[in-house]
Amino acid sequence: MARARVEQQPAATGTTLVVLVGLSVAFLLFMAFLNVVKTGNLLNESNLLYAALIFYAGAGALYLGFGVTGTESYVRFASLATWAGMLANTGAVAHRWYEAGHPPFASIYEMLLSFVWTLAVLTLIAEKKYGVKVIGTVTMPVAIVGVILMQLLRTEVHPLVPALQSTWLHVHVTLAMLAYAACALSFALAMMFLIQDKMKTETFLAATSAFGIATYLGVLTRFEKWGGLSVVAWDPERKAEVFLAKGARLFVVIPDLGWLMLMVLAAVAAPLVLYLVSRWKHAEGLIDVANRVVFVSILMQILALVFFLLRARDGSYASLDADGLFPTSLAASPFILSGLVGSIFVSLLYLLLLWRRQDLERMLPSAEDLDRITYKTIAIAFPLLTLMIAAGAYWANRTWGSYWSWDPKETWAAITWLVYAGYLHMRITRGWRGRRAAYFAILGFVVVMFTFFGVTYLLPGLHAYA
Amino acid sequence: MAGTLRTAGRSIWQTLSSIKTGVILLIIVVIVSAAGTLILQRPVTDADEMQRAYSPEMLRLLDAIGLTDTFHAWWFVLLLALVSLSIVAASIQRFPNAWRFYARPYKSPDESFRKMLATQTQIAIADERAGLATAERAFRHLGLKPERVTKNDRVSLFAERSRISVMAVYIVHASLLLIFLGGIVDALYGWRGFVALTRGQQSGQVQMHDGSGRTLPFAIRCDGAGQENYADGSPKKWWSKLAVLDGGQEVLRKEIVVNDPLVYRGVRFYQASYGSTGKVDKLVLTVSPANGQGDPGEIALSENDPVQLDSDTSVRLAEFIPDYVVRDGQVYSRSTEVENPAAHLIVTSKTTGKATNVWLPPIPGFEQNADSPYRFEAKDLRMGYFTGLEVSHEPGQWAVWAGVILMGFGLAVVFYVVHMRFWAVPVVDARGHLTLWVGGAANKNKEAFEERFQKLVGEIEAELKLRIQASARVQEEEPSLVGV
């Protein structure tokens, strides 16, 4: 129905959204400028980051606008907005670097800052050099989530503990950010290859649902007795997590939120179940039902996000490990938050595909080109991963006297490396092209994400700062 | 019998060297490593926590199959050894072909090769020698070094660049083996331990991580250690001044900090920790006679090191409690942090043998401060600090670093250096015209190669056209000259 409505629109109304987005960007910048005039402080980091957020959000809106209306000029303006956002982001990185006196890689905040920057740069490169114009549809939402997360996390410059005062650390983390951003890009490209390779839309439905299930299962590892959800306690004065003992964070339980998450899990899992049943019974009609359920699940997910934001933003809750009430904050649960937001974005991207598949296909390079560019990005990512691991090992050797100690992060970095090594071997010696290679690229990125977020969140180890 | 043995050997070899085996082994390594990060591991997690996390039967099972110390289990080491073997076997099996290709480049294309080649074209030429000379110039223009090859009376041109690209994959595999080799050497001959030293102390004994001790052939002495803080109180820097004593001689001095170890005879000392020993280095007291006669003086006490106050009386620090609390008629220390310190002094008279307990601060029920011939007042307290040094010996690490550098180089070549080959040979085509056959091949990045090939062809054609025009002009001009 949405498609039918949209197709009747004449192309001339295409400028409406550009004007609207332009006006709101101008308005937000003007408001920010008033604030700047008041404080007399123009080029500080939070202003620059704010500008970057506005531009990235503008770009994201334009890409989604393209998705809804199919107007091609939006993509051009979105690209311009990405440029502007990247410039503001560069300023924020430079400011941070100057202020801290070390490259911005010491805390998760600084690493997100660098990661978003790298992602924006690579998006622009993919656009300009390889003509993948709509790549921002996938990468811009990631950048927006990154910048919003940064606003929540602490921003003051923290002194480096002795173990982190090393050039090798900076080399290690720079390489990691570059490699991970290249992996993210190869993932986006592989996805686009699958679209261009006429993969069935319902297969994407199943994948979307599977992603949602993984996210909510991850969140529900914090499910507590009587339906609570445990989050880390937060000390508002020190702006840091509360620790019971070294390495043991204090958790507080937000009551009833666990039940809500469980219900959302059921909602996001339903499309996958319906898909499997339709495959099994050959009942095509179920797919339509499943698509409607995706709609419902998005609403449920937004509900869960809102409740989480309201309850975890501030407020004090009881803990199972200590007496009394302890405050918590959104900053204490960056991973839950990014999981919830990320899952919503993935569902929205699925809707985009469902409604706008033909326009997307028109805007993308050919399947062969996408396949080749995916390989090229991995050919960049793999040496970077190798050097990242090597620099990390060298740093560990200078700091702890051991270049390899099998801690979870190290092991998972090695696993990531092996997965991509497997991809390269299959491609070069077995001539794997197309779908199988794309699946491999997607698997590689899933492992990267687990190494980046999952290991920090779920598994303990030496990399406590990252 | 010998025959079956040989076939068995060959089939083992073939299995080992196949890519399939390699990939299956890698998948097993991935699964096992992932399991090793999900299951709590033994030396890192303490025994209590393990027992809390798993049921006794489960723990017994995990221990039995070695999953509680996955990365040091014999079967994991065996798995890595198999992976290495598979890499070696696969490389050896493919190497001769690659080497032949590398050592004896295919220079003059024969007819079947010319038919098979994907990238080729034919350009009409007037005569062989001129055509080849033109092609040679065009090759040079593009930065190639053409070589004239004569085979079976047929002259052809051959040029290539970056032949090393063909061998790069072996460089990468060799580098991986070098890294494994370093790891194995360290697993067999390397060790790790810990030494804690207070200022002035020297030691050649290392406490190994597995609980045993190890004596170094030299000793290490701490000449000082300290901590610097940021303004907000978090630690900024730990340092230790160390000296190495070998054969009674001081041979090396260095101030080490975190990230900058001291190395002597392959043994590395890392700044790992710094902390209070919970013991007193110096307790400075003002002493004044109880009867009020005589001037107050100042003494510095260390634990169990008596100080003479006058010819008869001496005082010693019997006990120092950093964080005291009185419970059940006893004095306890709650922690080793200096939070609520108390000092127990014993004042002894030589002639009477009478010992008086003096407590600072006076703890009722313990102190006999009033009986002491001297009054004491604490002025300054300096605690003893130790510096914790991580000690390691890793003779294999040089192989690891060499392997890493080699791998970086190898990967760069594998991915970014393209082996390109170009041939040009005059042939007579099917219709009997004399043409210059030009062909090319590249092992990767086909688009960039294609572009380069088109440029080469374009260059040759342009040069040929110039020649034809030039000769045509000469032909045109001649009659006109005659005409005049």
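In the order they appear, the protein sequences are chains A and B.
Under the working numbering, the residues of the first sequence are numbered 1 to 466, in order.
Under the working numbering, the residues of the second sequence are numbered 467 to 950, in order.
Where a beta carbon is used, it is the ideal one built from N, C-alpha and C, also for glycine.
- Put simply, the backbone Cα of A:Ala414 is about 13 Å away from that of B:Ile494.
- Taking a 10 Å sphere around the C-beta of A:Val455, we find 16 or more other C-beta atoms and assign the residue as buried.
- When C-beta distances to chain B are compared with 9 Å, every residue of the segment 245-278 of chain A stays at or above that value.
- DSSP places B:Phe567 in the uninterrupted alpha helix (DSSP H) bounded by 540-569.
- Each of B:Ser484, B:Val717, B:Ile722, B:Gln588 was checked against the Cα of B:Gly905, and the nearest Cα belongs to B:Gln588.
- Restricting attention to B:Arg793, B:Glu913, B:Val857, the CA atom closest to the CA of B:Arg680 is found in B:Val857.
- At a cut-off of 8 Å between beta carbons, A:Trp432 makes no contact with chain B.
- Interface annotation, B:Ala878: in contact with chain A, CB-CB separation under 8 Å.
- Annotation: the continuous beta strand (DSSP E) that includes B:Ala685 extends over 679-695.
- CA-CA distance, A:Leu220 to A:Asp235, rounds to 24 Å.
- Using beta-carbon distances, B:Arg734 counts as an interface residue toward chain A, with a partner under 8 Å.
- Counting C-beta pairs closer than 8 Å gives three or more between the segment 750-757 of chain B and the segment 826-844 of chain B, which meets the contact rule.
- Using a Cβ-Cβ cut-off of 7 Å, A:Leu370 is close to nothing in chain B; its nearest Cβ partner there is about 14 Å away.
- For B:Val543, not one C-beta of chain A is nearer than 8 Å to its own C-beta.
- Under a 10 Å Cβ-count criterion, A:His282 is classified as exposed, with fewer than 16 other Cβ atoms of the shown protein chains found around its own Cβ.
- Counting the other CB atoms within 10 Å of its CB gives A:Leu217 a total below 16, which places it among the exposed residues.
- Inclusion of B:Val729 and B:Trp705 in the CB contact set at 8 Å is not warranted, their separation being larger than that value.
- In terms of CA proximity to B:Ala592, B:Val893 leads the group B:Val893, B:Ala907, B:Glu913, B:Gly869.
- Here the alpha carbons of B:Tyr520 and B:Lys486 stand approximately 37 Å from one another.
- Per the DSSP secondary-structure output, B:Gln737 pairs in a beta bridge with B:Leu855.
- The beta carbons of B:Ser552 and B:Arg620 sit no closer together than 8 Å.
- Residues of the segment 851-874 of chain B with a C-beta less than 8 Å from any C-beta of chain A: Glu856, Val857, Ser858, Glu860, Gln863, Val866, Trp867, Val870, Met873, Gly874, listed in chain order.
- In chain order, Leu643, Phe646 place their CB closer than 7 Å to the CB of B:Ser550, counting only its own chain and leaving out the 5 sequence neighbours on each side.
- In the displayed model, A:Pro255 falls within coil according to three-state DSSP, outside both helix and strand.
- For B:Pro727, the nearest CB of chain A lies under 8 Å from its own CB, placing it at the interface with that chain.
- Boundaries of the alpha helix (DSSP H) around B:Tyr636: 634-655.
- The three-state reading of DSSP puts A:Leu325 in strand, counting E and B together.
- Nearest CB-CB separation between A:Phe382 and chain B: below the 8 Å threshold.
- Per DSSP, reduced to three states, the secondary structure at B:Asn806 is strand.
- The closest CA to that of A:Asp288, considering only A:Pro271, A:Leu303, A:Asp197, A:Ser347, is found on A:Pro271.
- Going by DSSP, A:Asp359 is part of the alpha helix (DSSP H) stretching over 334-363.
- Beta bridge pairing from DSSP links B:Ala709 with B:Arg687, B:Arg719.
- Burial state of A:Phe295 is exposed, judged by a 10 Å Cβ sphere holding fewer than 16 other Cβ atoms.
- The beta carbon of A:Leu49 sits closer than 6 Å to the beta carbons of Ala92 from its chain, once the five residues preceding and following it are set aside; these are given in chain order.
- Going by C-alpha positions, B:Gly649 is about 9 Å away from B:Gly656.
- Around the beta carbon of A:Lys409, a 10 Å sphere encloses 16 or more other beta carbons of the protein chains shown; the residue is thus reported as buried.
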